Amino acid sequence: MSPERVPSPGILLAVVGPSGAGKDTLLRMALDTIGREPRLRLAQRVITRPPDGATEDHASCSITAFEQGERTGAFCLTWRAHGLAYGLPCEIERDLEAGSLVVANLSRRSLREAAERFGRLAVAEITAPDHVLVERIRQRGRETAEEIARRLSRQAPLVLPPGTVRSVRIDNSGSAQAGAERLASHMRELLDLLPETQPAAGV
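Letter by letter, the sequence shown follows residues 780 to 982 of this note's numbering.
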């Protein structure tokens with residue numbers, strides 16, 4: 780982050796991990812565990828992939844529309860992975876300025892840029908052994924065995940940016956409920972770090 784940029788009072792929680800780790804499942808369960816919490820926001824990603832009903836509830840668009848959005852400033856963070864384009868809408872910056880905890884499914888390669896852009900970054904890494912990842916990805920039915928192998932071979936190591944507020948690593952090879960409880964606990968700890976009085980959005 781540049782010296783003149785003041786960090787937002789809110790915190791961006793980046794949920795990262797390889798395909799098949801169960802990030803979407805744990806996110807849904809953790810949010811259900813926490814229940815209604817006005818300071819907690821889930822960012823909806825924009826992806827150049829049609830919704831499939833089996834993974835996250837993302838906004839879908841064509842690559843042409845996505846690139847137009849990049850040119851016009853519709854996104855505050857974008858990245859490419861596995862032949863797709865991903866973006867976070869600029870609306871989340873208003874939530875961070877309002878002192879909220881914003882949860883977003885990110886790429887590990889985008890963490891440094893996210894830290895520079897938003898200031899207060901926390902990380903939850905969801906993992907599982909390779910054989911578990913392979914089986915979960917296979918069950919989706921979108922990729923061949925060769926494509927799955929290539930996808931997993933491109934995994935990037937997790938490098939936490941300097942100044943990361945907090946981080947947790949969750950092995951999701953066992954009970955999803957146990958993993959969700961750990962993620963919910965991490966979220967509660969971050970909620971406790973938010974300012975007691977939230978500034979009004981847009982101020």
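From the three backbone atoms N, C-alpha and C, an ideal C-beta is built for every residue, glycine too.
Values in this document were obtained by computation on a predicted structure and should not be read as measured data.
#### Entry: C-beta atoms of S841 and Y865 nearer than 8 angstroms
no
#### Entry: Nearest-angstrom beta carbon gap, T943 and L900 [assumed within contact, 8 angstroms]
6 angstroms
### Query
Distance, Cα to Cα, P786 vs G848?
25 angstroms
### Message
Determine whether the beta carbon atoms of L939 and V902 lie at a separation below 8 angstroms.
### Response
yes
### Through-space distance from P817 to I876, alpha-carbon basis
Reading off the sequence, residue 876 comes out as Glu, not Ile. Rounded to whole angstroms, E876 to P817 spans 14 angstroms at the Cα level.
### Alpha-carbon spacing of P788 relative to A894, whole angstroms
13 angstroms
### Message
What does DSSP give as the partner residue(s) for G866 in the beta ladder?
### Response
V825, T857
### Task
On the DSSP bridge assignment, give the partners of R948 in chain order.
E904
### Task
Would you decide whether S781 is buried or exposed? Buried here means 16 or more other CB atoms lie within 10 Å of its CB.
Low confidence applies here, because S781 scores a pLDDT of 48, under 50, leaving its location unreliable; read the following figure in that light. By the 10 Å Cβ count, S781 comes out exposed.
#### Entry: Whether G796 touches E925 by CB criterion (8 angstroms)
no
### Task
To the nearest angstrom, report how far apart R945 and E968 are at their CA atoms.
9 angstroms
### Task
Starting from the C-beta of D836, find all residues in its chain whose C-beta is less than 8 angstroms away, skip the five residues before and the five after it, and write them out in chain order.
Q823, P830
#### Entry: Beta-carbon proximity list for C869, same chain, < 6 angstroms, skipping 5 on both sides
C855
### Query
Are at least three pairs of beta-carbons, each pair with one atom in the region 800-816 and one in the region 949-963, less than 8 angstroms apart?
yes
### Query
DSSP three-state call for G814: helix, strand or coil?
coil
### Task
With a cut-off of 8 angstroms on the beta carbons, I'd call A800 and A907 a contact; round off their distance for me.
5 angstroms
### Query
Any idea if H910 is buried or exposed, counting beta-carbon neighbours within 10 angstroms, 16 or more meaning buried?
exposed
### Query
Where does S839 fall in DSSP's three states?
strand
### Query
Using the C-alpha atoms, what's the distance from S798 back to L931?
8 angstroms
### Query
If you count every other CB in all the chains shown that lies within 10 Å of the CB of T843, and 16 or more means buried, which is it?
exposed
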